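Q:
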Amino acid sequence: MIRFEQVGKVYPDGTTAVDDLSFEVAEGELVTLVGPSGCGKTTTMMMVNRLIEPTAGRILVDGEDIAGVDPVKLRRRIGYVIQQVGLFPHRTVLDNTATVPALVGWKRAKARARAAELLDLVGLDPKTYGSRYPAQLSGGQRQRVGVARALAADPPVLLMDEPFGAVDPVVRERLQNEFLKLQATVRKTVLLVTHDIEEAVRMGDRIAVYGQGRIEQFDTPAAVLGTPATPYVAQFVGADRGLKRLSVTEIEASDLEQPPVAYLDEPAATAARELAVLGARWAVVLSRQGELHGWVSGDALRGSSGTVGELARRMEAWVPVGAPLKQAFSEMLQHDAGWVAVVDGPRFLGVLTPAKLHEALRRSVDADAQGVARDEVEFDSVSDA
Ligand SMILES: Nc1ncnc2c1ncn2[C@@H]1O[C@H](COP(=O)(O)OP(=O)(O)OP(=O)(O)O)[C@@H](O)[C@H]1O
Numbered sequence: 001m002i003r004f005e006q007v008g009k010v011y012p013d014g015t016t017a018v019d020d021l022s023f024e025v026a027e028g029e030l031v032t033l034v035g036p037s038g039c040g041k042t043t044t045m046m047m048v049n050r051l052i053e054p055t056a057g058r059i060l061v062d063g064e065d066i067a068g069v070d071p072v073k074l075r076r077r078i079g080y081v082i083q084q085v086g087l088f089p090h091r092t093v094l095d096n097t098a099t100v101p102a103l104v105g106w107k108r109a110k111a112r113a114r115a116a117e118l119l120d121l122v123g124l125d126p127k128t129y130g131s132r133y134p135a136q137l138s139g140g141q142r143q144r145v146g147v148a149r150a151l152a153a154d155p156p157v158l159l160m161d162e163p164f165g166a167v168d169p170v171v172r173e174r175l176q177n178e179f180l181k182l183q184a185t186v187r188k189t190v191l192l193v194t195h196d197i198e199e200a201v202r203m204g205d206r207i208a209v210y211g212q213g214r215i216e217q218f219d220t221p222a223a224v225l226g227t228p229a230t231p232y233v234a235q236f237v238g239a240d241r242g243l244k245r246l247s248v249t250e251i252e253a254s255d256l257e258q259p260p261v262a263y264l265d266e267p268a269a270t271a272a273r274e275l276a277v278l279g280a281r282w283a284v285v286l287s288r289q290g291e292l293h294g295w296v297s298g299d300a301l302r303g304s305s306g307t308v309g310e311l312a313r314r315m316e317a318w319v320p321v322g323a324p325l326k327q328a329f330s331e332m333l334q335h336d337a338g339w340v341a342v343v344d345g346p347r348f349l350g351v352l353t354p355a356k357l358h359e360a361l362r363r364s365v366d367a368d369a370q371g372v373a374r375d376e377v378e379f380d381s382v383s384d385a
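Spelled out as structure tokens, the structure:
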């Protein structure tokens with residue numbers, strides 16, 4: 001979808017910003033460009049919408065060499081989100097969001113209706129915020145408007161330069177998560193620049209790790225963390241990459257333990273006896289169809305004449321199977337729980353304990369050490385195509 005073929009950029013003063021870049025961003029894929037300040041990330045991105053012209057190689061968007069495309073027309077196909085957001089201060093939020101649809105000739109009512117829809121999508125109620133001016137918004141809200149505006153004309157490609165950079169870490173994580181949810185539905189082809197490896201890992205389907213003007217590694221987050229291609233990459237991803245793996249290692253059904261189970265319609269006395277036999281202090285409460293309803297303690301069951309369902313407590317700590325280990329860990333901490341329930345839709349699969357979580361993390365690190373995960377990674381290179 002976006003393809004760099006041996007692209008280079010030397011500025012008129014002789015600075016080589018990037019050299020011999022070749023990589024591809026597939027349709028619907030989110031690729032993060034990460035690296036230290038001055039390594040050429042922004043130059044790379046701005047060559048895609050022709051705000052900067054390459055001095056070598058070529059860039060294709062949707063199979064077409066962009067050198068031959070009128071820059072203004074090109075930019076209408078490419079959404080652009082930048083850190084400073086660049087909203088027009090004297091226009092309302094709604095009109096800011098409707099900028100591009102209006103430019104490409106949509107009728108005013110249609111452009112505004114689309115803008116309202118987009119504001120809603122990024123979590124800003126158009127009734128409340130649509131008539132405000134940018135100065136009347138928080139930093140995080142302005143960033144959201146920036147994203148809404150970039151998406152308004154429904155461009156297939158999105159360029160994002162430090163889009164969540166100007167807000168505090170808590171808001172940033174929320175914006176990142178919101179954007180990932182949005183991306184799961186809109187499936188744009190995205191190039192996202194960041195200097196933050198955590199952001200690159202969290203957001204990217206694949207990551208391009210930049211050294212000085214060139215890509216040191218182009219891989220999935222798991223592979224970059226697990227098997228850094230060069231000492232430079234290893235240093236850049238940091239000594240705590242084991243911890244970062246929590247974000248990229250998924251919970252699998254085989255990681256789970258099977259705790260004692262009690263059923264909603266079962267008499268409490270029966271369940272209490274079963275727990276006593278097992279020497280267990282609690283049980284997970286399920287429907288007969290295997291749906292998770294909560295948990296119940298042996299103490300609550302003993303002496304009760306009712307059913308298990310009447311005594312069940314809500315399960316606070318749960319995650320869907322396939323979620324990253326980090327999410328399970330965070331649920332455990334948040335609810336001060338010794339384990340988290342893992343579900344597939346409404347169906348209960350088992351529980352993840354700290355010991356199993358540790359095992360899963362080891363499995364993921366060992367798999368990389370043996371080169372397993374890397375073998376599974378598909379490389380896109382220009383020469384393969
Ligand atoms: N117009 C210009 N003329 C000369 N050199 C430039 C120009 N723009 C950028 N550069 C240089 O090109 C190199 C790459 O810059 P670029 O902005 O692409 O880096 P970056 O990785 O995006 O950095 P940052 O994270 O700090 O924004 C830097 O050495 C920079 O000083």
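Start counting the sequence shown at 1; every next residue gets the next number (the UniProt record's numbering). A virtual CB, placed ideally from N, CA and C, is assigned to each residue, including glycine. Remember, predicted model here, so these are calculated numbers, not experimental data.
Residue 256 by DSSP, collapsed to three states: which one?
A: Residue mapping note: residue 256 aligns to position 256 of the sequence shown, counting from 1. If DSSP states are grouped into helix, strand and coil, residue 256 belongs with coil.
Q: Can you grab the Cα-Cα spacing for the pair residue 48 / residue 337, in whole Å?
A: For the purposes of this step, residue 48 is identified with residue 48 of the sequence shown, where counting begins at 1. For the purposes of this step, residue 337 is identified with residue 337 of the sequence shown, where counting begins at 1. Computed Cα separation, rounded: 48 angstroms.
Q: Alpha carbons only, please: which of 304, 30 and 151 is nearest the one belonging to residue 1?
A: In the sequence shown, the residue the question calls residue 1 occupies position 1. Ranking the options by Cα distance to residue 1, first place goes to 30.
Q: Roughly how many whole angstroms lie between the Cα atoms of residue 379 and residue 277?
A: Numbered from its first residue, the sequence shown carries residue 379 at position 379. Numbered from its first residue, the sequence shown carries residue 277 at position 277. Model confidence at residue 379 stands at a pLDDT of 35, short of 50, so the residue's coordinates are unreliable; what they give is reported in the following sentence. If I take the Cα positions, the gap works out to 54 angstroms.
Q: Give every residue of the same chain whose Cβ lies closer than 6 angstroms to the Cβ of residue 46, excluding the five residues on either side of it in the sequence, and list them in chain order.
A: Translated into the one-based positions of the sequence shown, residue 46 becomes position 46. Hits under 6 angstroms: 52.
Q: Between residue 377 and residue 117, what straight-line distance do the alpha-carbon atoms span, to the nearest angstrom?
A: Reading the sequence shown from its first residue, position 377 is the one you call residue 377. Reading the sequence shown from its first residue, position 117 is the one you call residue 117. Because residue 377 carries a pLDDT of 37, less than 50, the predicted location of this residue cannot be relied on, and no value is offered for it.
Q: Tell me whether residue 22 sits in a helix, a strand or coil according to DSSP, three-state version.
A: What you label residue 22 is simply residue 22 of the sequence shown in a count that begins at 1. Residue 22 falls in the strand class under three-state DSSP.
Q: Pull up the distance between the alpha-carbon of residue 70 and that of residue 76, whole angstroms please.
A: What you label residue 70 is simply residue 70 of the sequence shown in a count that begins at 1. What you label residue 76 is simply residue 76 of the sequence shown in a count that begins at 1. Near 10 angstroms, if we compare the C-alpha coordinates of residue 76 and residue 70.
Q: Assess contact between the segment 267-277 and the segment 296-313, defined as three or more Cβ pairs (one per stretch) separated by less than 8 angstroms. Is contact present?
A: Touching, yes, given that three or more Cβ pairs across the two stretches are closer than 8 angstroms.
Q: Is residue 297 near ligand 1, in the sense that its beta carbon is under 7 angstroms from a heavy atom of that ligand?
A: Against the sequence shown, residue 297 aligns to sequence position 297. Answer for residue 297: no, Cβ out of range of ligand 1.
Q: At what residues does the alpha helix (DSSP H) containing residue 5 begin and finish?
A: Translated into positions along the sequence shown, residue 5 becomes position 5. No alpha helix (DSSP H) holds residue 5; the beta strand (DSSP E) holding it covers 2-10.
Q: Taking residue 50 as the reference, give the member of 74, 138, 186 and 41 with the closest Cα.
A: Against the sequence shown, residue 50 aligns to sequence position 50. Out of 74, 138, 186 and 41, 74 has the C-alpha closest to the C-alpha of residue 50.
Q: Is residue 337 helix, strand or coil by DSSP?
A: Numbered from 1 along the sequence shown, position 337 holds the residue referred to as residue 337. Residue 337: coil per DSSP, three-state reduction.
Q: Between the segment 183-200 and the segment 4-18, do at least 3 Cβ pairs fall closer than 8 angstroms?
A: With the cut-off at 8 angstroms, the segment 183-200 and the segment 4-18 do not touch.
Q: Just list the residues that DSSP pairs residue 159 with in beta bridges.
A: In the sequence shown, the residue the question calls residue 159 occupies position 159. For residue 159, which the question treats as bridged, DSSP gives the partners 80 and 191.
Q: What are the uninterrupted segments assigned as alpha helix (DSSP H) that are 4 or more residues long and contained completely in the segment 72-137, given in chain order?
A: Here the runs fully enclosed are 93-97, 99-103, 108-121 and 126-129.
Q: Alpha carbons only, please: which of 325, 199, 300 and 193 is nearest the one belonging to residue 252?
A: For the purposes of this step, residue 252 is taken as residue 252 along the sequence shown, with counting starting at 1. Cα-wise, what sits closest to residue 252 is 325.
Q: Mind checking who residue 348 pairs with in its DSSP beta bridge?
A: As a position in the sequence shown, residue 348 is number 348, starting the count at 1. DSSP, once it has assigned bridges, lists 343 as partnering residue 348.
Q: Nearer than 7 angstroms: is that true of the beta carbon of residue 11 relative to any heavy atom of ligand 1?
A: Along the sequence shown, read from residue 1 onward, the residue named residue 11 stands at position 11. At least one heavy atom of ligand 1 is nearer than 7 angstroms to the Cβ of residue 11, so yes.
Q: At which residues does the beta strand (DSSP E) containing residue 216 begin and terminate?
A: Taking the sequence shown and counting its residues from 1, one reaches residue 216 at position 216. Here the beta strand (DSSP E) through residue 216 covers 215-219.
Q: Have a look at residue 206 and residue 191 and give me their C-alpha separation to the nearest angstrom.
A: The sequence position of residue 206 within the sequence shown is 206, counting from 1. The sequence position of residue 191 within the sequence shown is 191, counting from 1. Rounded to the nearest angstrom, the two C-alpha atoms are 10 angstroms apart.
Q: If you draw a straight line from the alpha carbon of residue 381 to that of residue 203, how long is it in whole angstroms?
A: Along the sequence shown, read from residue 1 onward, the residue named residue 381 stands at position 381. Along the sequence shown, read from residue 1 onward, the residue named residue 203 stands at position 203. Confidence is the limiting factor: at residue 381 the pLDDT is only 34, short of 50, which leaves the residue's position unreliable and the question unanswerable from this model.
Q: If you measure from the CB of residue 32, is any heavy atom of ligand 1 nearer than 7 angstroms?
A: Indexing the sequence shown from 1 puts residue 32 at position 32. The answer is no for residue 32.
Q: Are there any heavy atoms of ligand 1 lying less than 7 angstroms away from the beta-carbon of residue 326, as far as the coordinates show?
A: Here the question's residue 326 lines up with position 326 in the sequence shown. No, Cβ of residue 326 sits at least 7 angstroms from all heavy atoms of ligand 1.
Q: Near residue 218, what residues of its chain come up, given a Cβ to Cβ distance below 6 angstroms and the 5 sequence neighbours on each side ignored?
A: Position 218 of the sequence shown holds residue 218. Only 23 and 208 meet the Cβ criterion.
Q: For residue 225 and residue 356, I'd like the C-alpha separation in whole angstroms.
A: One-based indexing of the sequence shown puts residue 225 at position 225. One-based indexing of the sequence shown puts residue 356 at position 356. About 21 angstroms.
Q: Go ahead and pull the three-state DSSP assignment for residue 52.
A: Taking the sequence shown and counting its residues from 1, the one referred to as residue 52 is at position 52. Coil.
Q: When DSSP labels each residue in this structure, what does residue 185 get in the three-state scheme?
A: Against the sequence shown, residue 185 aligns to sequence position 185. Correct three-state label for residue 185: helix.
Q: Alpha carbon to alpha carbon, what distance is there between residue 171 and residue 331?
A: Along the sequence shown, read from residue 1 onward, the residue named residue 331 stands at position 331. Along the sequence shown, read from residue 1 onward, the residue named residue 171 stands at position 171. Residue 331 and residue 171: Cα-Cα distance of roughly 19 angstroms.
Q: Which residue marks the beginning of the alpha helix (DSSP H) containing residue 294, and which one marks its end?
A: Within the sequence shown, the letter at position 294 stands for residue 294. Taken as a continuous stretch (DSSP letters only), residue 294 belongs to no alpha helix (DSSP H), being part of the beta strand (DSSP E) at 292-297.
Q: How long is the line joining the alpha carbons of residue 65 and residue 86, rounded to whole angstroms?
A: Within the sequence shown, numbered from 1, the residue matching residue 65 stands at position 65. Within the sequence shown, numbered from 1, the residue matching residue 86 stands at position 86. Rounded to the nearest angstrom, the two C-alpha atoms are 28 angstroms apart.
Q: Is residue 254 near ligand 1 - that is, is its Cβ less than 7 angstroms away from at least one heavy atom of it?
A: Numbered from 1 along the sequence shown, position 254 holds the residue referred to as residue 254. For ligand 1, not one heavy atom lies less than 7 angstroms from the Cβ of residue 254.
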